[in-house]
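S.K.: Here's a structure for you.
Residue numbers (this note's numbering): 6 to 199.
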């Protein structure tokens, strides 16, 4: 047999290229796609396992779709357990943290009922009239050396026209109250403006 009559053992596509290269490229593309899919699914699983919070974007899921809500967060340079203990030490007969709830709401006369949650990372109170929800979400950060404290206040009263004003003033009040709380925990005193 002459070399020109030897059977060609490689299959070729319509353009004359060997199909083995195409198989390698197709396999690489499928492999990269599979890795991307696994990474995406792992991220979605991690998101699904996070504790639910009631930030304003999630008020609909909590049944507070018509509520006016504001939230802010600070990072306290103490472990999560120390922050939880400090909150529990405030008025322990009322569930702890009542003065912090008053400061977050900006109303010293409001009466609060604590709301029970699983675990210690979420602390909530509802006013006695049921119109306002105050919630703290505590999360460890930086290997449990620090704690992120997120405060959320949601009011079910009022119109949507008052929402921007409520959000701005309430967010400022929340930030100031959380900053004072952080100063008190970290240094034992609160700075005073003169």
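Ideal Cβ positions, reconstructed from N, Cα and C, are used throughout, including at glycine.
(1) In its own chain, which residues sit with a C-beta less than 6 Å from the C-beta of residue 137, not counting the 5 before and 5 after it?
(2) Could you tell me the distance, in whole angstroms, from the CA atom of residue 98 to the CA atom of residue 176?
(3) Determine the direct distance from the alpha carbon of residue 84 to that of residue 108, and round the result to whole angstroms.
(4) In whole angstroms, what is the alpha-carbon distance linking residue 121 and residue 140?
(5) Which of the three DSSP states is assigned to residue 83 in this structure?
(6) Between which residues of its own chain and residue 116 is the CB-CB distance below 8 Å, once the five residues before and five after are set aside?
(7) Do you know whose CA, among 77, 91 and 48, lies nearest residue 110's CA?
(8) Over what stretch of residues does the beta strand (DSSP E) that includes residue 196 continue unbroken?
(9) Who are the near neighbours of residue 142 in its chain, counting only those whose CB is closer than 7 Å to its CB and skipping five residues on each side?
(10) Rounded to a whole number of angstroms, what is the C-alpha to C-alpha distance between residue 195 and residue 91?
(11) So what's residue 115 in DSSP terms, helix, strand or just coil?
(12) Can you name, in chain order, every residue of its own chain whose Cβ lies under 7 Å from the Cβ of residue 130, other than the five neighbours on each side?
(13) Taking the DSSP output, what are the residues bridged to residue 76?
(14) State the DSSP-derived secondary structure class of residue 60, mapped to helix, strand or coil.
(15) Contact defined as beta carbons within less than 8 Å: I believe residue 179 pairs with residue 158. What is the distance between those atoms, to the nearest angstrom?
(16) Within 10 angstroms of its Cβ, does residue 42 collect 16 or more other Cβ (buried), or is it exposed?
(17) Starting from the C-beta of residue 26, find all residues in its chain whose C-beta is less than 6 Å away, skip the five residues before and the five after it, and write them out in chain order.
M.R.: Judging by the given coordinates:
(1) Closer than 6 Å at Cβ, skipping near neighbours: 160.
(2) The predicted model places residue 98 with a pLDDT of 49, which falls under 50 and marks its position as unreliable, so this point remains unresolved.
(3) Cα to Cα, residue 108 sits roughly 22 Å from residue 84.
(4) Those two C-alpha atoms are separated by around 11 Å.
(5) Note: residue 83 maps to coil in three-state DSSP.
(6) Cβ within range, chain order: 132 and 133.
(7) The shortest Cα separation from residue 110 among 77, 91 and 48 belongs to 77.
(8) Per DSSP, residue 196 belongs to no beta strand (DSSP E) and is neither H nor E.
(9) Closer than 7 Å at the Cβ level, and outside the excluded window around residue 142, lie 58, 126, 127 and 155.
(10) Linking residue 195 to residue 91 through their CA atoms gives a straight-line distance of about 15 Å.
(11) If DSSP states are grouped into helix, strand and coil, residue 115 belongs with coil.
(12) Closer than 7 Å at Cβ, skipping near neighbours: 106, 117, 118, 119, 120 and 139.
(13) Beta-bridge partners assigned by DSSP to residue 76: 157.
(14) Caution is warranted here: a pLDDT of 46 is assigned to residue 60, below 50, making its placement in the model unreliable, and the coordinate value is therefore given only provisionally. Annotated three-state conformation of residue 60 is coil, per DSSP.
(15) With 8 Å as the limit, residue 179 and residue 158 qualify as a contact, their Cβ atoms being about 6 Å apart.
(16) A residue is called buried once 16 or more other Cβ atoms fall within 10 Å of its Cβ, and residue 42, having fewer, is exposed.
(17) Excluding five sequence positions before and after residue 26, none of the CB atoms of its chain fall closer than 6 Å to its own CB.
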